[in-house]
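Accompanying notes for the structure given below.
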Amino acid sequence: MKIAVAGTGYVGLSVALLLSQHNEVHALDIVPEKVETLNEGKSPIVDKEITEFLEGNVSGARPLNFQATLDPRQAYIGADYAVVATPTNYDPHKNYFDTSSVEAAIAAIREVNPTAWIVIKSTIPVGYTSDLRGKLQDERLLFSPEFLREGHALYDNLHPSRIVVGAPEDDAEAHHAAEVFADLLVQGAAEGEMKRINADGGTGIPRLIVGLTEAEAVKLFANTYLALRVAFFNELDTYAETRELRTQEIIDGVCLDPRIRADYNNPSFGYGGYCLPKDTKQLLANYDQVPQNLISGIVNANRTRKDFIATEIERRISEIDNPTVGIYRLTMKSGSDNFRQSAVQGVMKRIKARGITVVVYEPTMNDPEFFGSEVTHDLEDFKRRSDVIVANRWNRDLDDVSGKVFSRDLFKRD
Ligand SMILES: NC(=O)c1ccc[n+]([C@@H]2O[C@H](COP(=O)([O-])OP(=O)(O)OC[C@H]3O[C@@H](n4cnc5c(N)ncnc54)[C@H](O)[C@@H]3O)[C@@H](O)[C@H]2O)c1
Numbered sequence: 001m002k003i004a005v006a007g008t009g010y011v012g013l014s015v016a017l018l019l020s021q022h023n024e025v026h027a028l029d030i031v032p033e034k035v036e037t038l039n040e041g042k043s044p045i046v047d048k049e050i051t052e053f054l055e056g057n058v059s060g061a062r063p064l065n066f067q068a069t070l071d072p073r074q075a076y077i078g079a080d081y082a083v084v085a086t087p088t089n090y091d092p093h094k095n096y097f098d099t100s101s102v103e104a105a106i107a108a109i110r111e112v113n114p115t116a117w118i119v120i121k122s123t124i125p126v127g128y129t130s131d132l133r134g135k136l137q138d139e140r141l142l143f144s145p146e147f148l149r150e151g152h153a154l155y156d157n158l159h160p161s162r163i164v165v166g167a168p169e170d171d172a173e174a175h176h177a178a179e180v181f182a183d184l185l186v187q188g189a190a191e192g193e194m195k196r197i198n199a200d201g202g203t204g205i206p207r208l209i210v211g212l213t214e215a216e217a218v219k220l221f222a223n224t225y226l227a228l229r230v231a232f233f234n235e236l237d238t239y240a241e242t243r244e245l246r247t248q249e250i251i252d253g254v255c256l257d258p259r260i261r262a263d264y265n266n267p268s269f270g271y272g273g274y275c276l277p278k279d280t281k282q283l284l285a286n287y288d289q290v291p292q293n294l295i296s297g298i299v300n301a302n303r304t305r306k307d308f309i310a311t312e313i314e315r316r317i318s319e320i321d322n323p324t325v326g327i328y329r330l331t332m333k334s335g336s337d338n339f340r341q342s343a344v345q346g347v348m349k350r351i352k353a354r355g356i357t358v359v360v361y362e363p364t365m366n367d368p369e370f371f372g373s374e375v376t377h378d379l380e381d382f383k384r385r386s387d388v389i390v391a392n393r394w395n396r397d398l399d400d401v402s403g404k405v406f407s408r409d410l411f412k413r414d
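In terms of our numbering, the sequence shown has 241 at position 241, counting the first letter as 1, and numbering is strictly consecutive.
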């Protein structure tokens, strides 16, 4: 089968490589350097499995049938399926996702291919695909939510928690096309996944074909639940810090309940990254005219947490003349190369607004400044100059200056 993928970021590239084990895949991007890097067999992002796949370094794996391109005709003509994985940033003026790149990709596909099934993998507002089907008079649009984590993008597609594809319930042809697409994703998964035993006792990869709008809701509600969980343990930590209690003892005691569990409970400066901040805001926007308390609570909790963290940092330097605050890494998680919407940036913004000097240690950044603050690659100099070192996530680099470090990474893991 010929499959086109629009966008070679975390989502597009991992889906493209997964599918290229059994299909002819052409991945299109609008950034020439990305396409060039990919066609040299190198990964533009830090991701172990993507790098290994591109280098042909996976033992026993099938050769990939993968090509990156800038040419819409090469990618889209003759494709049976076209997957759209372009950005949907949150537009603060419209209070909604900016879906223009999804629409641009769909227009480019349709210009040369009127019949391909287009599967939107970008995260979109609830109700979007159904509206677009009506607006474009195009019945060959499907939506499949993507659940990968950055840094484990291909791994999460090789070992998917579940595969969900949305199609209108009353459209048998679209339903069949959704089934076929789900089968393609299952086919690309790692050997052994079909035999795995799931927490509910079922075997194999759970595979759900649901309504189009329900599939969109699955994505936004799943991410908003994750944000809720982060916000909950952060707010627990804010309480414990304020009342001078040991957070870790409370979390250990709470999480031994098997209904609560001990994962995803490590305090931080807030939930962040590309998806959780924007997806929670989009879900809140979708609640327009629908009663709710929790969703706005989750969005507000993240702001309150960053205010609290900034105030705590300020308290620590209140007795120092002309203090310097060091920001250790701009990334959201350890092992990530990405600092889109990382929580530490929100904290940094608040500290700077209070007139405090900030220096940033970020070895992956080549610019000498970040929002007007100096960026250094010299770790020892950074440690010497910083009166307090702010680290969303701990790293062994900081062991020798632990007395200076402000972090809420209590479990020393993501
Ligand atoms: N990153 C994640 O962890 C993640 C997880 C699940 C879902 N998502 C969603 O998937 C979508 C993509 O996210 P991402 O992290 O892969 O983004 P990304 O920014 O890493 O990659 C997007 C790519 O699309 C390209 N692009 C932009 N316009 C294009 C066009 N018209 N045609 C072809 N390519 C185009 C960009 O050059 C870029 O390479 C977003 O909607 C995001 O919310 C992301």
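Backbone N, C-alpha and C define an ideal beta-carbon position, used for all residues, glycine too.
Cβ separation of residue i and residue j, assumed to be a contact under 8 Å, to the nearest whole Å
i, j, result
"Leu142", "Ala174", "6 Å"
"Val360", "Lys306", "Incorrect: roughly 17 Å between the Cβ atoms, too far for contact."
"Asn39", "Ala68", "5 Å"
"Gly151", "Val46", "7 Å"
"Arg385", "Asp414", "Going by Cβ atoms, the distance from Arg385 to Asp414 rounds to 28 Å, so no, they are not a contact pair."
"Gly188", "Arg196", "In fact, because the Cβ distance is near 15 Å, the residues do not count as touching under 8 Å."
"Ala353", "Tyr271", "21 Å between Cβ atoms; not a contact."
"Ala190", "Ile209", "Between Ile209 and Ala190 the Cβ distance is about 22 Å, and since that is not below 8 Å, they are no contact."
Three-state secondary structure assigned by DSSP to residue i
i, result
"Ala301", "helix"
"Ala397", "The sequence given here has Asp at residue 397, not Ala. Reduced to three states, the DSSP call for Asp397 is helix."
"Lys2", "strand"
"Gly166", "strand"
"His26", "strand"
"Gly403", "helix"
"Ala343", "helix"
"Ile118", "strand"
"Gly134", "helix"
"Phe147", "coil"
"Val358", "strand"
"Tyr96", "strand"
"Tyr271", "coil"
"Asp257", "coil"
"Arg207", "strand"
"Glu40", "coil"
"Thr324", "strand"
Proximity test, residue i beta-carbon vs ligand 1 heavy atom, cut-off 6 Å
i, result
"Gly204", "no"
"Ser122", "yes"
"Glu49", "no"
"Pro160", "no"
"Asp29", "yes"
"Gly9", "yes"
"Ser101", "yes"
"Ala285", "no"
"Cys275", "yes"
"Ala199", "no"
"Pro125", "no"
"Pro368", "no"
"Thr129", "no"
"Pro32", "no"
"Thr37", "no"
"Leu245", "no"
"Pro291", "no"
"Glu216", "no"
"Pro87", "yes"
"Ala82", "no"
"Glu146", "yes"
"Glu191", "no"
"Ala68", "no"
Beta-carbon gap between residue i and residue j smaller than 7 Å
i, j, result
"Asp387", "Ile317", "yes"
"Ser43", "Leu28", "no"
"Val405", "Ala391", "yes"
"Leu136", "Pro168", "no"
"Val126", "Asn286", "yes"
"Lys121", "Ala85", "yes"
"Glu362", "Leu330", "yes"
"Pro206", "Arg243", "no"
"Lys2", "Asp98", "no"
"Pro267", "Asn223", "no"
"Gly326", "Phe269", "no"
"Ala215", "Gly166", "yes"
Exposure of residue i, with buried meaning 16 or more beta-carbon neighbours within 10 Å
i, result
"Tyr10", "buried"
"Ile118", "buried"
"His93", "exposed"
"Tyr225", "exposed"
"His176", "exposed"
"Asp237", "buried"
"Ile320", "exposed"
"Leu245", "exposed"
"Ile260", "exposed"
"Gln345", "buried"
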